[in-house]
RNA sequence: GGGCAGGUGGUGGAAUGGUAUACACGUCAGUCUUAGGAACUGAUGCCGCAAGGCGUGUGGGUUCGACUCCCACCCUGCCCACCA
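Residue numbers (the working numbering): 4 to 1017.
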C-alpha cells in the first residue's frame, strides 16, 4: 500500500482547482447565493499566523458544504495592507512601504494557497491599490458632502512613540493599543466622522441581526445609550451683564439618568474643563485654589485620571451656588475630575444617597446627604445609610413624587420639568465621533484641499473643498523620508509639490490636506468590493435612485422591489408565493410589517392573521406543519423548511433524487406553471428576478406591455449590479477584538452608503460569529518576542495541509481559546492515514457498486446506519460551528469502517463527501481513486435518511432510585409496558426490591426504566 | 466595580433533565519487528480482593432522576470601567 504522499497529492489538487477555477463565484448563476466572509489580514512581515487559518478553515468548511448543497458560494480574500508596521519598516530601512507590502502579500498568498482554502482568487482586493482606494476616497467625499466628515480641533489621543493620533477605540487603559506606550492629550485639527449620527440605528438594527450575543452586547455598551433628562439649575448669585442680568437666565445644565432623585441633589459637580470656570472667573472667590486644581487635573493623562480614581478630589467654587429647582435650596458647586468633560453636559447634580461616586465624594468632604428613594416603602427603615442605594424603590421626602415607584417618578418629574421649561427628556451616548485623520504616509490621502479665497463663498464653509470625483484616485506621492515631524505633521507636509495645489472651485492657489486615513478606512467597505472587484463604475450604479422607490430604509426598498416583482408575475399569471415563516427571521420581520401595516408582530399566535393579509393580497400560502411548510396542489406536494439552524437542510431536503438541487426543482415546478416559491431569507431578489427573466418567455401573456417594459428597465439595471445579488454578507466570522472597531465602523459606512443609494442593504452582515484565539503552550499569547510562534509552513511541511486544517477544527470548541498542542496533530494524522488505507483497499471497486463488498463479506447494514447518523451529526455540527464533534463523528465512522467486514464504494463515497470540507485534498484524491470523475467540490451533500439511521436494538438501562443497576439489550421499539415488565423481572432489581413493592416505576421510552423504592 | 464566557479523568475535551468522561492525546499490556519506530488489538476516573461505595469548583434547592434548571458563594479568562 503506497503511503499517503501529501506533498504530491496536495500540490496536484491545488493546481487542479486553480486551473479549473473550482472556487470561482459566478455573478449570474440562477442559484441562491451564499456569501461567506472572513476578515482579510494585514500582511505583516511575520507571515501567516496559525490563528488566521482557524477562522479561514471554519468558513471554508461551511462554504464547501454550502457549495455541495447547491448554493452559489462566494468566499473571497484580500489584503488590508495600509498600516503602521510597513511604514515603520520604511523609516528604518528606507524601503518603500509598497515594496515590502507586495512581498508580504506574496508570502501570505502562497501560504493560504498551500492550505487549500477555497477562495475565489479572481476577486482578490488590496486596500493599497489605487484602483481600490479610489473608492475609499470617493466614500470620504460623499461623507463630506453629506456633512458627516468635518474638521474640528479636538483634544485627541496622541501616542508618543507611534507619533500618531488615535481614535478613542484605539486607546486601551490610557495606553496605545498598538505599542502599549503612553498616550497624551493634544489639541489638533482633525478630520472627524459623525458616527454619532448613526448611534440609534446602530443599536436598534442589532435587534434583527443574527450576531452572536456577546457582539451585540459589546456594541450596545460601546455606543452606550442612556435615557434621562437634561435639567437647568439656576445660578442666583450671578448678575454679570454678559449673562443677561436676569438670574433666571443663568444656569448650570446637567444630564442625569435619575431625574427622580432630584430632591436628593445636595450639591453640584462640574468637570475641570467646564466653561463655567472661565466664564464666571470674576465671581469665584477662591480663584487660586480652583485654578491650581484645574491645572493639575488637566495635566493628568487619562491613565492617571482613571487610575487615581480610588481617592476622589475636588475644590468648592466659593461665591457661586446653584438653586435646586425642586427644593429651592441653594447648594454648593464643586469642581472635581471624577466628572468627565465630554459626557452629558460636563456637569452633574450630585445625589450622594443614590450614587456611589457622589457618596464617596460627599463622605470625604462632609457634604449633606438626603435619602429620597426607599427600597422598603412604606415601612420607613431607610435612614440608615451605609452606602449609596442605587436601586429602584419608592420616592420619599420628594413632595409631589412621594410614594411613586422609581419608574413613575421619572416620568412625572420629566413632565414637570418640561412644563416649567427647566428641563427636558434627553438621550445620551458614550460613543464619540470617529477621529479619522492620521499624520502618516502609508494611508489613503484625504482628497481635500484648503482654499482661503473660497472660505466664505463655498457652500461647505471654512475653506475645505472636496476634489472632484474624476480627480480620483488621488495617489500617494513618492517620498524619501518617512519620518513624522516632531510637531506631529504628516510626512506629506514636507513635500511642497504635494501641499501646493489649486482650488478645484476657483482655480486659485490652495493647500492640500496632508493627513491620511486610518487603516480602518479600507476595511470599512471591502466586503462590497468583492462583489465586483474590477468594476470601474462601481458605486456609480444608480438604479435605486432612478426608480420611483424613494428608499429611506432597507425594508421599504425590498418591499418596493418585491411589489414590483409581484406585479410582473401576476401580469403573466405566474402564481407567486412567499414562504412565510422564512420571513419571520431577522431582516424580513420588519419587511413584513411594512407590507401589512402590522404594528406588533407576534410569532405563532398572530400567524393566522398574517396569512389572511397575504391571501387578500393575492399570495398563495402554504400551511405550517410540524415546523415544515407544506403546499399541496394537483396532487403534488412540496415541503419547505422554515428558517432553522439547519437552513441548508432546506436544499438537501428538496432535492429530487440524488442529483437535483433546489433551484432545479423550482424550475421544474415553475415550468409546470403551478407554483413558484421564494424562501425569502436565503434567496435574494436577484435570484427572483433571474427566475422572472427565465419564466417570462414561457408565459407570454402580459396585461400591460408598457408597464412591463418600464419595470423591466429598472429590473435589468438592478440585475446588472452584482452588489444587489451578493449583499448582504451571509455569514461573517472574525475576532472579538474587532467588535467595537472594524465591525461597528463598517456597519456605519454601509448604512451611510445605503442611505445615498450606493449599497443595496442597510446592514452589511446578516450573521456574525467569532472564533477563539489560538494560544501557545502554557496558555500564553503567541508572540515573536516570546519565541513561541508556530509557523503554519512547518506544520504543512511535516503533516500536510489536510492534517493542519482538520487539527485546527478538532482542537477544541471553536468559540473558545485553544492551546496549540503538537500531540493533537498526531491523532488527526493517524485518522487521515486510516481513511487513506481504507480508500486504497476499495480501489477498483465499481463506482455504483452497491453490491461490491471488497473488504470481506458480512452485514453492511450496521455501517449504513452509522453513516446516516454521521450525516446528520456532521451536517448539524458544521452549521452550528461544532467542528470538533463533527470530526470526532467522522473518526468514529472511520474506526468502524476499518473494523467492518464489508465497506461498499457507495458507503465510502458518503464518508468522503462528509470529510471533504475538512480534508479536501485527500477527499479529492480518493474520490478519483474510487472512480468518480471531476471534483468532489460539486458533488451533492449526502442526504440524511432517518429510516436508515434508526437503531434496531437498544441497551435498556435499568435504574433503582436513579442509580444504574442493570442493562439489558432490547428491541428499539419496546413498549412502555414491556420495558417495565423487563425491568421488574431483572435479577438485580429483584435483589434491590427485596420482596417489597416498588413505590413508582418511571419508563422513558426507548431509553431507561427507573424503579423507585422508598 | 460592572458585563460576558467558563470551571468535568494525567491532558485537549464529549454529553435534547435520563448509562458522566464520546473522540483524541498520554500511559500500561500484547501482536508484529534484528532493534528502534510505525501499525494493529486490548486496558485505562478514584477507593476496594470483592460486594459495593465515591465522583462534573463549593454549599443549598427543585426532581423518580441534575454536569445540565433555580439560589448563594469561590476561582479563572476576556471585555468594559468615575459614562452621572
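All residues carry an ideal CB built from backbone N, CA and C; glycine is no exception.
The way I'd put it, the region 136 to 150 doesn't touch the region 95 to 112; fewer than three beta-carbon pairs between them come closer than 8 Å.
Note that the C-beta distance between residue 777 and residue 54 is below 9 Å. Residue pairing by DSSP places residue 326 opposite 333 in a beta bridge. Here the alpha carbon of residue 422 sits roughly 10 Å from the alpha carbon of residue 416.
When the five nearest sequence neighbours on each side are left out, the beta carbons in the same chain lying within less than 6 Å of the beta carbon of residue 328 are those of 425, in order along the chain. Between residue 781 and residue 822, the CB-CB gap stays under 9 Å.
Unbroken beta strand (DSSP E) runs of no fewer than 3 residues, entirely contained in the region 87 to 168, are found at 152 to 162, following chain order. Beta-bridge analysis with DSSP links residue 229 to 431. Rounded to the nearest whole angstrom, the CA to CA distance from residue 898 to residue 921 is 17 Å.
Relative to the Cα of residue 51, the nearest Cα in the group 798, 1017, 878, 989 belongs to 798.
Across the structure, residue 118 and residue 814 are spaced so that their CA atoms are roughly 17 Å apart. The region 261 to 278 makes contact with the region 345 to 357; the number of CB pairs closer than 8 Å reaches 3 or more.
Under the three-state reduction of DSSP output, residue 23 falls in the helix class. As the crow flies, the alpha-carbon of residue 819 is around 12 Å from that of residue 887. Judged by DSSP in its simplified three-state form, residue 962 adopts strand.
For residue 514, the closest alpha carbon among the candidates 498, 524, 75 is that of 498. Beta-bridge annotation (DSSP): residue 270 is paired with 353. Boundaries of the beta strand (DSSP E) harbouring residue 1005: 1003 to 1007, taken from the DSSP string. Apart from the 5 residues on each side of it in sequence, residue 726 sits with its Cβ closer than 8 Å to the Cβ of 531, 534, 535, 544, 762, 763 in its chain, given in chain order.
Put simply, the backbone Cα of residue 120 is about 10 Å away from that of residue 112. Spatial neighbours of residue 184 in its own chain (CB-CB distance under 8 Å, excluding positions within 5 residues in sequence) are listed in chain order as 162, 163, 164, 165, 178. For residue 1011, the enclosing beta strand (DSSP E) stretches over residues 1011 to 1015.
According to the DSSP assignment, residue 202 belongs to the alpha helix (DSSP H) that extends over 202 to 207.
By the Cβ neighbour-count rule, residue 719 is exposed, with fewer than 16 other Cβ atoms within 10 Å of its own. A distance below 6 Å between beta-carbons, with the five flanking residues on each side excluded, links residue 321 to the following residues of its chain, in chain order: 288, 289.
Note on residue 972: under 16 other CB atoms within 10 angstroms of its CB, so exposed under the neighbour-count rule.
By the Cβ neighbour-count rule, residue 189 is exposed, with fewer than 16 other Cβ atoms within 10 Å of its own.
Secondary structure at residue 880: helix, using DSSP grouped into helix, strand and coil. Cβ contact annotation for residue 343 (same chain, cutoff 8 Å, sequence separation greater than five): 274, 349, in chain order.
In terms of Cβ geometry, residue 392 and residue 444 do not form a close pair [threshold 9 Å]. Rounded to the nearest whole angstrom, the C-alpha separation of residue 167 and residue 301 is 21 Å. Around the beta carbon of residue 961, 16 or more other beta carbons sit within 10 angstroms, so the residue counts as buried. Per DSSP, the unbroken alpha helix (DSSP H) holding residue 753 starts and ends at 747 to 758.
Contact holds between the region 35 to 49 and the region 85 to 105, because three or more Cβ pairs, one in each stretch, are under 8 Å apart. DSSP places residue 802 in the helix class (H, G or I) of the three-state scheme.
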